[in-house]
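The sequence shown runs 11 to 1184 under our numbering.
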Amino acid sequence: MPCPCAGEENWVDSRTIYVGHKEPPLGAEAYIPQRYPDNRIVSSKYTFWNFIPKNLFEQFRRIANFYFLIIFLVQLIIDTPTSPVTSGLPLFFVITVTAIKQGYEDWLRHKADNAMNQCPVHFIQHGKLVRKQSRKLRVGDIVMVKEDETFPCDLIFLSSNRGDGTCHVTTASLDGESSHKTHYAVQDTKGFHTEEDIDALHATIECEQPQPDLYKFVGRINVYNDLSDPVVRPLGSENLLLRGATLKNTERIFGVAIYTGMETKMALNYQSKSQKRSAVEKSMNVFLIVYLCILISKALVNTILKYVWQSEPFRDEPWYNQKTEAERQRNLFLRAFTDFLAFMVLFNYIIPVSMYVTVEMQKFLGSYFITWDEDMFDEDTGEGPLVNTSDLNEELGQVEYIFTDKTGTLTENNMAFKECCVEGHVYVPHAICNGQVLPDSTGIDMIDSSPGVSSREREELFFRALCLCHTVQVKDEDHVDGPRKSPDSGKSCVYISSSPDEVALVEGVQRLGFTYLRLKDSYMEILNRDGDIERFELLEVLSFDSVRRRMSVIVRSTTGEIYLFCKGADSSIFPRVIEGKVDQIRSRVERNAVEGLRTLCVAYKRLVPEEYEGVCGLLQAAKVALQDREKKLAEAYEQIEKDLILLGATAVEDRLQEKAADTIEALQKAGIKVWVLTGDKMETAAATCYACRLFRRGTQLLELTTKRIEEQSLHDVLFELSKTVLRCSGSLTRDHFSGLSTDMHDYGLIIDGAALSLIMKPREDGSSANYRELFLDICRNCSAVLCCRMAPLQKAQIVKLIKFSKEHPITLAIGDGANDVSMILEAHVGIGVIGKEGRQAARNSDYAIPKFKHLKKMLLVHGHFYYIRISELVQYFFYKNVCFIFPQFLYQFFCGFSQQTLYDTAYLTLYNISFTSLPILLYSLMEQHVGVDMLKRDPSLYRDIAKNALLRWRVFIYWTFLGLFDALVFFFGAYFMFENTTVTSNGQMFGNWTFGTLVFTVMVFTVTLKLALDTHYWTWINHFVIWGSLLFYVIFSLLWGGIIWPFLSYQRMYYVFLHMLSCGPAWLGIILLITVSLLPDVLKKVLCRQLWPTATERTQQNMQRPDGSPELAPPASLQSPGALCPRPAAALHSATSRKVPRVLWRSEEYTVLLPARASPVTVAVPESWRDTPT
């Protein structure tokens, strides 16, 4: 079978579009009309008809809601001790609130969809412009879009009013990038400027089926001219205009619709990312299962005891309650099962249905504290933090590993051209000084001797290569971003590129005498040193990608010579070079890398016409392929970019971000391990790590690189590193958190992408676990790890490796570019930096921040508070429900297991909804157990909450037993107190409803006051809600029992509350029982603070000194023996004396005596400390 030509394979996953709905010429190809969706966008979830069933289905998929629905149905079906209202009303409240919220959000989506679908669009019909609604647009329609309008669907760009067939587009609503991107019209249609010309176009488009990737597109267009064979042109992402993007700086364009409605790339990106669940949520679900088991156990025990109790006839059938014949003949097992269900209903309040709603509200409202934080607002960019999901707020307080990108995250991604090396000669433009252009700059500083005449040609060729090998666009007379005056051309111009490196190189070479002017009609124009304009025809662009790590252009000079210029990373250029001063340039590149500069190498080769024809054929065949186009292009590039001649190298500086070093130091003190994952050279990345204090002067660097593995086997290198690291860790105990101990070796590990691939690669015996475990052991004992030469997928592999290691640590990934998206999605928490490499990272992250320095406050303050608040919320909910339902369990022993309720129906219903809900919600939003400044000043406080410390089993059991103790006090305290004093002053007896109301009153006051005792940060809102809740309970009880309500079938609570309060012993009992219930918790807190205080509790004690002044805490560095001692001024002369006389504080000052060779430091003493004996 003959091999099919390129582009003629049988495509299964492709579509054919007839431009303007015109059939192809007879004999060209078969006309197969295809049906595509219209252009309606539907982002809403519900319709008017399916809202109620669909929303209810979604809500009852949650286990807690489904559980309460079952309980409610049981109450309806069988005779249960409590009214169905007690379960139905809270459930109805939760379901209704959620449904209203989701319904309102969906209504807003409907409103936005209608506005978008009804907006007018201009399209061409029979050579004329016709206007219709966007939703009526069909695939194949030719559309006209004017400047500042948004593209109504995904279009193939046919022509524009510009002669060169280009247009500028912003994609801010798609990926957040506000920079102008240039798109190119199809070569054969860019001359069609009128409606009649466009209407006469005869063409078909073959392209892939809709894909969500915004940055990839594969297709080809067949243009039919007369009866000759069609002209086939490749289509890529540069020809595709996406729905949601906006046309800029271009009067109008024509395009053909290829994807419409829900098939547009924007619509395909609506789908949400995979759901991440926090450690707190997982703990909450486990605790819920425990309480469900307790509930079943309670019901089972009560059911068994009921039948044991009723085994004696007079108890089973007393004289006043004779059974009917039907009741006597009922099946025993059926009766037992019914009783079991009745007990389940009676005790079901131990499972808090309102906890889920409260947690959701807390997360949703709490997330606004990040967006409102003025400290995290960046005035330079006008950007503030963004919260893309509120489900992970508390996870910010649990981070153990941070994986950070380098360029644009730790550094500014603000490139400054520093130098270039040509043929071994180094050039530094003195036009740059601290990033500023000096007005009096005239020429070049030479580091070494001037090049000879023979090198002059190579030097100029190098500068031309930098002027031509890029994708930079020139914006003329643009004053939006501020005009930049070219020192040589006298012309105001601004360079635009998606890569800051390219702009820095073009601006740098401009200061060396060669100015890039513009690209016009496929000709690149440059201004040389002599002031002459040179024109080069741009024949091909071999685009940059992160795998090749290089880009090339093929150009033709006016003399007819064809050049291929290639620039890229040294690791991708040097292996392809056959000529040039490789050794001199390599040594200069390595030197620059050690200084932390970003380096690129430049090479070229001349192409003879025959060779160029071959290159053209190779590229054309790959470009028009619809299947595996990227693979075929990569193979073509590999064949073309070889046998190069090395010209030189460039060095660009990327400055460290403000406070990046302080942030990393604080995070390490907080016990968080920081790893840097970058695609840069090892030397460059290591220099940055030293600058940002990830590596310190005393850090011993361990290398796990390809170079070392080539000298030794991977097995030997890993075992050698393991021995080095573990030898020290075995003899000395490391400060697990700080990693800054001076008493031991501080190790830093450097690994490159190739070495990581070998570690992750399965071994011959089919396992890779041994190498991975060994690698992880080495990493655990290193204070910092640097991974260089990393591909985007390898970054995600590293995160996954740590994430699923045996400790299961909480991971956080932070980056600013599209190459960081994979690790951001992989980590437990993903943070995007709103940077200069676009907003793909910020768009795919859980949170976005303007600068890396804001990570410090986000974790150490916001994360700390979120975790403290929600952990208290979860434990408190379980505690108050144990307090609530355990007296009900005890009451069954005193009522013959008859399923009699202890509390009134109104109390059962409103306990979780009204009486105790608001105080804990407000606590979980406002609580600050330590001040914000203290958390920022002392990062080690973060360690107190590490490893889910406040939701461990020990803490959970303590809260549960505290609830059981309080329940016992409520019940038996009330029982014994009124066993012999049940007669009030007027001779009336206390009944069971009065007893239950007394227990309930003590309980409501105790659980509310328990929360008040736990509150450290009091505001008027706290006071209002806590005391207001108690007041509301009292007022409600007075009204509920003080009026005969006509809608009630019973009046059992009438006058009960007033009757109870009219009794003096009841008042005494309430106060006494509340005090006894709260006492153990208070004692436990006092004892633990005195005997085993945590770092947080010590800080709280320092903050709460009676005189209001902070306790004097000397710096850790001064706490060696004899390092700190108060002394009178007269004693300063005898610095060697170790005896300190006992003196009175009479002077205004005292002196801190520092270690040897340090001068004394005088410190002012507060007024309140003077005249106090030491």
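Each residue gets a CB set at the ideal place from its N, CA and C atoms; glycine is no exception. Since the structure is predicted, the reported quantities are computational estimates derived from the model, not experimental observations.
{"Check": "L656 vs A613 beta-carbon contact at 8 angstroms", "Outcome": "yes"}
{"Check": "Own chain residues within Cβ distance below 6 angstroms of G30, not counting five before or after", "Outcome": "I152"}
{"Check": "From P94, C893 and V634, residue whose alpha carbon lies closest to that of P244", "Outcome": "V634"}
{"Check": "From P395, V519 and T368, residue whose alpha carbon lies closest to that of C431", "Outcome": "V519"}
{"Check": "Start and end residues, beta strand (DSSP E) containing K138", "Outcome": "K138 to Q143"}
{"Check": "Residues that DSSP places opposite P244 in a beta bridge", "Outcome": "R230"}
{"Check": "Inter-residue spacing [alpha-carbon to alpha-carbon] between C797 and M770", "Outcome": "14 angstroms"}
{"Check": "Neighbour-count burial assignment, T106, 16 or more Cβ in a 10 Å radius", "Outcome": "exposed"}
{"Check": "Identified DSSP bridge partners for A823", "Outcome": "F413 and G840"}
{"Check": "Contiguous beta strand (DSSP E) assignments of at least 3 residues, all confined to the segment 253-312", "Outcome": "256-258 and 262-269"}
{"Check": "Candidates G98, G229, F1015 and E512: closest to D638 by CA position", "Outcome": "G229"}
{"Check": "Per-residue burial, H1069 [other beta carbons within 10 Å of its own, 16 or more giving buried]", "Outcome": "buried"}
{"Check": "Exposed unless 16 or more other CB atoms sit within 10 angstroms - verdict on I27", "Outcome": "buried"}
{"Check": "Buried or exposed by the 16-neighbour rule on C-beta atoms within 10 Å, applied to G201", "Outcome": "exposed"}
{"Check": "Which residues DSSP lists as bridging S170, in chain order", "Outcome": "I263"}
{"Check": "Q85 versus N424, F1005, R72 and L99, residue with shortest Cα-Cα distance", "Outcome": "L99"}
{"Check": "Reduced DSSP secondary structure (H/G/I, E/B, other) of W117", "Outcome": "helix"}
{"Check": "Close-in-space but distant-in-sequence residues of the same chain around R72 (CB under 8 angstroms, 5 per side omitted)", "Outcome": "Y366"}
{"Check": "CB contact flag (E205, G137, <8 angstroms)", "Outcome": "yes"}
{"Check": "Inter-residue Cα distance where the pair is A603 and R1108", "Outcome": "46 angstroms"}
{"Check": "Presumed contact (8 angstroms Cβ cut-off) between T270 and V149, rounded CB distance", "Outcome": "5 angstroms"}
{"Check": "L865, enclosing alpha helix (DSSP H) - first and last residue", "Outcome": "H864 to K867"}
{"Check": "Sequence-distant residues of the same chain with beta carbon closer than 7 angstroms to E248, five excluded per side", "Outcome": "H193 and Y194"}
{"Check": "Straight-line gap, E159 to I930 (C-alpha atoms, nearest Å)", "Outcome": "49 angstroms"}
{"Check": "Reduced DSSP secondary structure (H/G/I, E/B, other) of S562", "Outcome": "strand"}
{"Check": "Nonlocal neighbours in the same chain, by C-beta distance under 7 angstroms from R703, ignoring five residues either side", "Outcome": "A671, I674 and E675"}
{"Check": "Through-space distance from F1067 to S1047, alpha-carbon basis", "Outcome": "6 angstroms"}
{"Check": "Cβ-heavy atom distance, L250 to the ligand GDP, below 7 angstroms", "Outcome": "Questions concerning the ligand GDP fall outside what the structure shown contains, since it holds no ligand whatsoever."}
{"Check": "Inter-residue Cα distance where the pair is I824 and G394", "Outcome": "16 angstroms"}
{"Check": "Burial state of E663, where buried means 16 or more other Cβ atoms lie within 10 Å", "Outcome": "buried"}
{"Check": "Beta-carbon spacing of L878, M936 below 8 angstroms", "Outcome": "Per the sequence presented here, residue 878 reads as Ile, with Leu not at that position. Not closer than 8 angstroms, so no."}
{"Check": "Identified DSSP bridge partners for E216", "Outcome": "T26 and R230"}
{"Check": "I51 vs M272 beta-carbon contact at 8 angstroms", "Outcome": "yes"}
{"Check": "Span separating the alpha-carbon of V565 from that of H212", "Outcome": "32 angstroms"}
{"Check": "Outcome for Y477 when other beta-carbon atoms lying within 10 angstroms are tallied against a minimum of 16", "Outcome": "Inspection of the sequence shows that residue 477 is occupied by Cys rather than by Tyr. Classification for C477: buried."}
{"Check": "Pair within 8 angstroms by beta-carbon distance, R665 and D511", "Outcome": "no"}
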